[in-house]
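Colleague: For the sequence shown, position 80 (counting from the first letter as 1) is numbered 82 according to this note's numbering, and the numbering increases by one without interruption.
The C-beta atom is built at its ideal place from N, Cα and C for all residues, glycine as well.
Input: one structure, supplied below.
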Amino acid sequence: MPVLCLHGWPGGASDYRLLTPLLADVADVVVPHLPGFGRSFAAEDADRPASDFDRDHMVAALIEVMEGLSLEPAVVVGYDVGVTIAVALARQAPERVRAVVTGNLLGPSAMVPAALDLRRRSEYWYQDFHQLELSSRLMDGNPAAVRTYLEHFWSHWGARPEALVHEQLVEDYSRTGAFTTSLNWYRSGTSTLYGALALAEGGPTPPPVEVPSSVLWGAKDPLFPAEFAPTARELLPNADVRVLDEVGHFTPIEAAAEMAAAIRSYLP
């Protein structure tokens, strides 16, 4: 039975290094680098428009992967960026998705208070910073700067000792052009902050996705406070939502056993 795992930012396929062995006896686990990330990055990506790396392009690329590897229907797993893409994949191609298992997932009613409320707005500073050319000039192709920047997020967002920057991440994000290309997720208008701004301006609410699902919510994630956990059902109405008290943002690393158990529950 196929399981498709989608990483976040700043992450990569190594985010699932603890989870994958826990499923080896029951599933064929596929962990791609999302387009423009890690080993999917190619030098010419640095010259492509940011719109080539938005949510819908990511979904289209994953559908190609699923078709090429006959990964359907699959249990689709994601956290951070991977959550947004997993839900969009289930919405656009429900016949390819057996179930969805995610980390923290903000429902539409939580987007504005989570990302725009002045009490929490400072947590989203990096999404503004990533719009600036300055972020690329300071980090791109500079391994020491990349390491320092990634370590900030992994230490601030993570709550368990396992939430450490993997050496492969530093290598992947340090390649010339790779850091800048990873920022295209934010520059393409599909980030949490953009979504909150769109809703605040009266934009349409994303429709729910009727798919078997589990949401494992890290209570110590500063981006997505646990008070918003119930809103996940606005997007995944069938979700089993569990709050994990000692877990932060990086669910596949910090709660590998719990995530593996949730995935197994959808396997025959």
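Around the C-beta of D223, are 16 or more other C-beta atoms found within 10 angstroms, so that it is buried, or is it exposed?
Modeller: buried
Colleague: How many Å lie between A76 and E169 at the Cα?
Modeller: C-alpha separation (whole angstroms): 29 Å.
Colleague: Go through its chain and collect everything with a Cβ distance to V79's Cβ below 6 Å, but skip five positions before and after it.
Modeller: C7 and V103
Colleague: Give the DSSP bridge partners of S53, in chain order.
Modeller: The partner list for S53 (beta bridge, DSSP) is empty, contrary to what the question assumes.
Colleague: Assuming L237 contacts P254 (C-beta within less than 8 Å), just tell me the rounded distance between them.
Modeller: About 20 Å separates the two Cβ atoms, so there is no contact after all.
Colleague: Mind reading off the beta-carbon distance from E24 to A258? Whole number of angstroms is fine, and I expect it under 8 Å.
Modeller: Before going on, a small fix: residue 24 reads as Leu here, not Glu. Indeed they touch by this definition, with Cβ atoms about 6 Å apart.
Colleague: How would you write the range of the alpha helix (DSSP H) that T183 sits in, first residue to last?
Modeller: A180 to S184
Colleague: When the Cα of H2 is compared with those of A45, E97 and Y128, which residue comes out closest?
Modeller: Summary: the structure shown does not reach residue 2, with the chain confined to residues 3 through 270, and so no result is reported for it.
Colleague: For my contact list, A174 and G40 are in at a C-beta cut-off of 8 Å; report their separation, rounded to the angstrom.
Modeller: Sequence inspection shows Asp at residue 174; the Ala mentioned does not correspond to that position. With a Cβ gap of about 4 Å, D174 and G40 count as contacting.
Colleague: Could you give the distance in angstroms between the alpha-carbon of G220 and the alpha-carbon of S72?
Modeller: Across the structure, G220 and S72 are spaced so that their CA atoms are roughly 32 Å apart.
Colleague: Count the other CB atoms within 10 Å of the CB of G160; is the residue buried (16 or more) or exposed (fewer)?
Modeller: With 16 or more neighbouring CB atoms inside 10 Å of its own CB, G160 falls in the buried class.
Colleague: In the DSSP assignment, find the beta strand (DSSP E) that holds A101 and state where it starts and stops.
Modeller: V99 to T104 is the extent of the beta strand (DSSP E) around A101.
Colleague: Quick check: the Cα distance between G70 and I87, rounded to an integer number of angstroms?
Modeller: Distance from the CA atom of G70 to the CA atom of I87, rounded to whole angstroms, is 19 Å.
Colleague: Short of 6 Å in beta carbon distance, which residues of its chain neighbour Y272, apart from the five on each side in sequence? Order them along the chain.
Modeller: No answer is possible for residue 272: it lies beyond the span of the chain, which begins at 3 and ends at 270.
Colleague: Report buried or exposed for L134, applying the criterion of at least 16 other Cβ atoms within 10 angstroms of its Cβ.
Modeller: exposed
Colleague: Tell me, which residues are paired with G220 by DSSP?
Modeller: DSSP output for G220 lists L246 as bridge partner(s).
Colleague: What's the call for E256, buried or exposed, on a 16-neighbour Cβ count within 10 Å?
Modeller: buried
Colleague: Tell me whether V67 is buried or exposed, calling it buried when 16 or more other Cβ atoms sit within 10 Å of its Cβ.
Modeller: exposed
Colleague: Is T192 closer than 7 Å to D82 when the C-beta atoms are compared?
Modeller: no
Colleague: Alpha carbon to alpha carbon, how far is F43 from R177? Give it in angstroms, no decimals.
Modeller: 9 Å
Colleague: Mind checking which residues open and close the beta strand (DSSP E) that includes G1?
Modeller: Nothing about residue 1 can be read from this structure; the chain reaches only from 3 to 270.
Colleague: Hey, which unbroken runs of the beta strand (DSSP E) at 3 residues or more fall wholly within the region 82 to 164?
Modeller: 99 to 104
Colleague: Taking the straight line between their C-alpha atoms, what separation do you get for D30 and G13?
Modeller: 21 Å
Colleague: Mapping DSSP to helix, strand and coil, what is S72?
Modeller: coil
Colleague: When you compare only the Cα positions, how much space is there between G197 and M113?
Modeller: 7 Å
Colleague: Considering only their Cβ atoms, is the gap separating N186 from A63 smaller than 7 Å?
Modeller: no
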